[in-house]
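Engineer: Numbering (this note's numbering), first residue to last: 39 to 183. C-beta: ideal position from N, C-alpha, C; glycine also. One structure, pasted below without further comment.
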Amino acid sequence: MQSEIDSLREINSKLLAEITELRKKNAEVKPENIEVKAENAKLKHALEEHETRFTSLEQRDKEKTTLIAKLDDDIREIKQEQNAKNADPISQDFNSIPLDQTNVSSIVDQYDSTESKSLEDDKETDSFLDEVHRKKVSNEIRERK
């Protein structure tokens, strides 16, 4: 019976030593666990902020795309109006001038082909200026946001 008691005391002291060791390890792990939880919370918060920012950027991108499309439409409309205005006075001027058939052939003979080339150059210049204007407006929009 005494040997059983001694055996149980020995087991008890081993268990107490093990409990002490486990408590020591637990004390070391708790602060580390708290740090990990704090870092995890910080990362979750950063992720939420990034998702919110990403959503905001996507929305602004859609708005800018819509605005650029509207500006392109406006430019096209202005060009059409400008072309219509430029074409109308010329046709009115020609229609108001009575032409004698004898003068028509001499006028046709005087026509210079370089004039048609300058019209092509004007179209290229207009296209270039429209593109530069479109880029400038786009850059101004980007700078505002």
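#1: Mind reading off the beta-carbon distance from Ser165 to Ile106? Whole number of angstroms is fine, and I expect it under 8 Å.
#2: Are the beta-carbon atoms of Ile113 and Asp159 separated by less than 8 Å?
#3: At the level of alpha carbons, what is the spacing between Lys173 and Glu77?
#4: Return the Cβ separation of Lys108 and Ile179 in integer angstroms, given the expectation that the two are a contact with Cβ distance under 8 Å.
#5: Please report the distance separating the alpha-carbon of Asp44 from that of Thr58.
Structural biologist: Judging by the given coordinates:
#1: Going by Cβ atoms, the distance from Ser165 to Ile106 rounds to 17 Å, so no, they are not a contact pair.
#2: For Ile113 and Asp159, no; Cβs fall outside 8 Å.
#3: 44 Å
#4: Contact flag wrong, Cβ pair sits at about 11 Å.
#5: 21 Å
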